[in-house]
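A short write-up of the structure that comes next.
Residue numbers (this note's numbering): -11 to 108.
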């Protein structure tokens, strides 16, 4: 069951700079310019159910298991389209707005790709 779905709308000028640290910042496409510059911008979506550890994140054809989720991540995603995705496999969230995902091949973030979270 899909709990959140959106489409990558645009990539900020420095939106992929943090991939070298295995992380990317998501924000709705109406984010202030100073935040949008460092973000992957998505079309606003509605969080239908809370994302939990063990759920599945999909981008294009690639899937990743959610390994940890910060206590503010669901609210931020629903309200602002904002989370930090960390592809590091950590089992405890490093910050309240982070969603940690399996540590494997990093996806290519390109406009038009669908992103989803679904129940594991």
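Note that beta-carbon positions come from the ideal geometry of N, C-alpha and C, so glycine has one too.
Tell me the rounded alpha-carbon separation between residue i and residue j.
i          : j          : result
residue 78 : residue 40 : 14 Å
residue 90 : residue 66 : 22 Å
residue 44 : residue -2 : 23 Å
residue 36 : residue -8 : 6 Å
residue 52 : residue 23 : 25 Å
residue 34 : residue 9  : 28 Å
Note down, in chain order, each residue of its chain lying with its Cβ closer than 6 Å to the Cβ of residue i, except the 5 sequence neighbours on either side.
i          : result
residue 61 : 71, 85, 87
residue 46 : 104
residue 48 : 101
Am I right that residue i and residue j are in contact with their C-beta atoms under 8 Å? What's the rounded C-beta distance?
i           : j          : result
residue 69  : residue 14 : 6 Å
residue 75  : residue 11 : 7 Å
residue 103 : residue -6 : 6 Å
Check this for me: beta carbons of residue i and residue j, under 8 Å apart or not?
i          : j           : result
residue 38 : residue 16  : no
residue 42 : residue 108 : yes
residue 30 : residue 97  : no
In chain order, what residues of the same chain lie with their CB nearer than 7 Å to the CB of residue i, ignoring the 5 residues before and after it?
i          : result
residue 81 : 56, 57, 58, 88
residue 64 : 70, 71, 85
Between residue i and the rest of its own chain, which residues show a CB-CB distance below 8 Å, the 5 nearest in sequence each way excluded?
i          : result
residue 50 : 93, 95
residue 25 : 0, 1, 2, 3
residue 83 : 58, 72
residue 5  : 26
Residue i: which of the options sits nearest, CA to CA?
i          : options     : result
residue 20 : -8, 9, 4, 0 : 0
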